[in-house]
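**Q** Going by the numbering used here, the first residue of the sequence shown is number 6, and it counts up by one from there. Ideal Cβ positions, reconstructed from N, Cα and C, are used throughout, including at glycine.
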Amino acid sequence: MIRPLFLAAFLLVSVKANSQSVDTVKKSPVRTLTLQQYNAYLKGEGGSEMAMVAEINHYPMPDKVLKLKKELDLSPIQIKNIEAANNYMRRRRLQIGGSIISTEKALDSLFRTNKMDDGKLIFYTNRYGLYQGELKNAILQACFATEKQLTPQQIKRFEALQKPN
Numbered sequence: 006m007i008r009p010l011f012l013a014a015f016l017l018v019s020v021k022a023n024s025q026s027v028d029t030v031k032k033s034p035v036r037t038l039t040l041q042q043y044n045a046y047l048k049g050e051g052g053s054e055m056a057m058v059a060e061i062n063h064y065p066m067p068d069k070v071l072k073l074k075k076e077l078d079l080s081p082i083q084i085k086n087i088e089a090a091n092n093y094m095r096r097r098r099l100q101i102g103g104s105i106i107s108t109e110k111a112l113d114s115l116f117r118t119n120k121m122d123d124g125k126l127i128f129y130t131n132r133y134g135l136y137q138g139e140l141k142n143a144i145l146q147a148c149f150a151t152e153k154q155l156t157p158q159q160i161k162r163f164e165a166l167q168k169p170n
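1. By DSSP, does residue 35 sit in helix, in strand, or in coil?
2. Residue 133 by DSSP, collapsed to three states: which one?
3. Output the distance between the C-alpha atoms of residue 172 and residue 32, rounded to the nearest integer angstrom.
4. Could you check the C-alpha separation between residue 27 and residue 139 for me, to the nearest Å?
5. Can you tell me whether DSSP reads residue 107 as helix, strand or coil?
6. Going by beta-carbon coordinates alone, are residue 49 and residue 115 separated by less than 9 Å?
7. Excluding sequence positions up to five away, which residues of its chain have a Cβ less than 8 Å from the Cβ of residue 84?
8. Just checking my contact of residue 148 with residue 66 at CB under 8 Å: how many whole Å lie between their CB atoms?
9. Here's a check: name, in chain order, each residue in its chain whose Cβ is nearer than 7 Å to the Cβ of residue 157, leaving out the five neighbours to either side.
10. Which same chain residues, not among the five before or five after residue 136, have their C-beta less than 7 Å away from its C-beta?
11. Please classify residue 159: is it buried, with 16 or more other beta-carbons within 10 angstroms of its beta-carbon, or exposed?
12. Taking just the CA atoms, how far does residue 122 sit from residue 154?
13. Could you give the C-beta distance for residue 166 and residue 59, rounded to a whole number, given that I count them as a contact under 8 Å?
14. Where does residue 27 sit, in a helix, a strand or coil, going by DSSP?
15. DSSP on residue 160, reduced to helix/strand/coil?
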């Protein structure tokens, strides 16, 4: 009786272990960031959740608008200006993401090697806060610039297209 139960438990654990996602198997090069966070910062995609205040108030993310440019019937001038806002946001996200990764590595190293002190802690955490603020500003600036390019009808159409069916 115990042997079949043991075998069933072993099989269940084996199946579960083999079904892990790539993110749980691969480790991030930065111990204090998940692989998903690390890759997002590295690719200039980090911080999208920071746009919520803009998006819920009808200031859309430029990349989302550009994906629907045909459905929204954007003019060439609108596309050019929204692409400029999107390129600015992406460039800043790449720059700031690199700074966040460097700061996380520095904090981890200082704690791991027992070289942390009050001054270093204040310096790096303030710096981290600055980067988060700069990232949010870059994203919100892009949303603000995008909204300026759209008509009220295009914003309504965009929001209707964003809703799940």
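**A** Taking the coordinates as given:
1. coil
2. helix
3. Absent from the structure is residue 172, since the part of the chain shown begins at 6 and ends at 170.
4. Residue placement at residue 27 is poorly supported in this model, since its pLDDT is 49, which falls under 50; the coordinates still yield a value, given next. One C-alpha to the other measures close to 31 Å.
5. helix
6. no
7. 71 and 74
8. 6 Å
9. none
10. 101, 104, 105 and 108
11. buried
12. 49 Å
13. With 8 Å as the limit, residue 166 and residue 59 do not qualify as a contact, their Cβ atoms being about 17 Å apart.
14. Residue placement at residue 27 is flagged as unreliable, the pLDDT there being 49, under the threshold of 50; the coordinate-derived value follows with that caveat. Residue 27: helix per DSSP, three-state reduction.
15. helix
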